[in-house]
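Numbering (the numbering used here), first residue to last: 1 to 229.
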C-alpha cells in the first residue's frame with residue numbers, strides 16, 4: 001500500500017507492505033521492491049516494449065508467517081534520478097512507472113503485486129515545457145528509449161532515457177523538438193534534438209543545465225536557442 005500514488009521527480013516513495021498468513025505456516029525467504037519502467041527497443045524485426053528495472057530494494061531477510069498472522073513492514077525509498085515523467089498531457093503518452101513487490105515463497109503461484117505511480121515534473125521542467133508550448137509547439141509524444149544520453153558535461157547511467165517530443169507544423173514544413181532530462185542533485189540537465197523537415201542540415205543538438213530553482217528568465221535564455229533554430 002503506497003502512501004501516495006502521485007509524486008514529483010526526486011521525491012521519496014513511502015508505503016507499507018502488508019502480509020497475511022494463509023491456512024498453513026509459510027517461510028518467506030525475502031521481500032523485494034523493484035521500480036520498473038517500460039522501454040522501447042527498435043531492431044530489424046520491428047519495435048518491442050520491455051520491462052526495464054530502474055532500481056531495486058531488498059526489504060528483509062527470511063522469516064516465518066504463521067496461519068492467519070498479519071505483518072506490516074513500512075518502507076521509504078527515493079525515486080531514481082532518471083525516473084521518467086509519466087504525468088504529461090501528450091497526445092501519445094507511452095511512459096509507465098510502477099513498483100513491483102515480490103515475496104519469495106516456495107510453491108507460491110504468483111507472489112507479486114504491481115502498483116503504478118504517476119510521476120509529475122519538477123516546476124523547472126514544467127516551465128520549460130510550457131515555454132515551448134507557448135512558442136506554438138504541441139506536446140506530441142513521450143516514451144522511454146533504451147540507451148544512454150551524452151550532453152555537454154553530463155551523461156545518463158541508468159540504461160534508458162525519456163524522450164518528450166514536440167511538433168510545430170506550418171505551411172512550409174514542420175519542426176520537431178525532442179527533450180530528455182536528467183535530474184542530478186539540485187540541477188536539471190537537458191539534451192535537446194531539433195529536426196526541421198525541409199532543412200538541408202542534419203538534426204541539431206543542444207544541451208544545457210539549470211538549477212531546480214531556476215528563474216523564468218534563466219529558463220527562457222536556455223530554451224531560446226532551441227526555438228530559434
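Even for Gly, the Cβ is constructed at its ideal location relative to N, Cα and C.
Check	Outcome
Return the bridge partner residues of residue 190 from the DSSP annotation.	181 and 208
In the DSSP output, what is residue 214 paired with across the bridge?	Per DSSP, none; premise fails for residue 214.
Are residue 124 and residue 84 close, meaning C-beta to C-beta below 8 Å?	no
Assuming the contact rule is C-beta atoms closer than 8 Å, residue 21 and residue 67 should be a hit. Round their C-beta distance to whole Å, please.	5 Å
Please state the DSSP three-state secondary structure of residue 222.	helix
In terms of residues, what are the limits of the beta strand (DSSP E) holding residue 48?	46 to 60
Out of 46, 169 and 65, which one is the CA nearest neighbour of residue 28?	65
For residue 14, I'd like the list of residues in its chain whose CB is within less than 6 Å of its CB, leaving aside the five on either flank, ordered along the chain.	3 and 76
Measuring alpha carbon to alpha carbon, tell me which of 12, 207 and 211 ends up nearest residue 80.	12
Give a yes or no on whether the C-beta atoms belonging to residue 178 and residue 160 are separated by under 8 Å.	no
If we count the other Cβ atoms within 10 Å of its Cβ and call it buried at 16 or more, is residue 211 buried or exposed?	exposed
Skipping 5 residues on each side, what residues in its chain have a beta carbon closer than 7 Å to that of residue 174?	167, 168 and 197
Do residue 117 and residue 24 have their C-beta atoms within less than 8 Å of each other?	no
Which partner residues does residue 15 have in the DSSP bridge list?	2 and 75
What is the DSSP secondary structure of residue 9, counted as helix, strand or coil?	coil
Looking at the structure shown, is residue 131 part of a helix, part of a strand, or coil, going by DSSP?	helix
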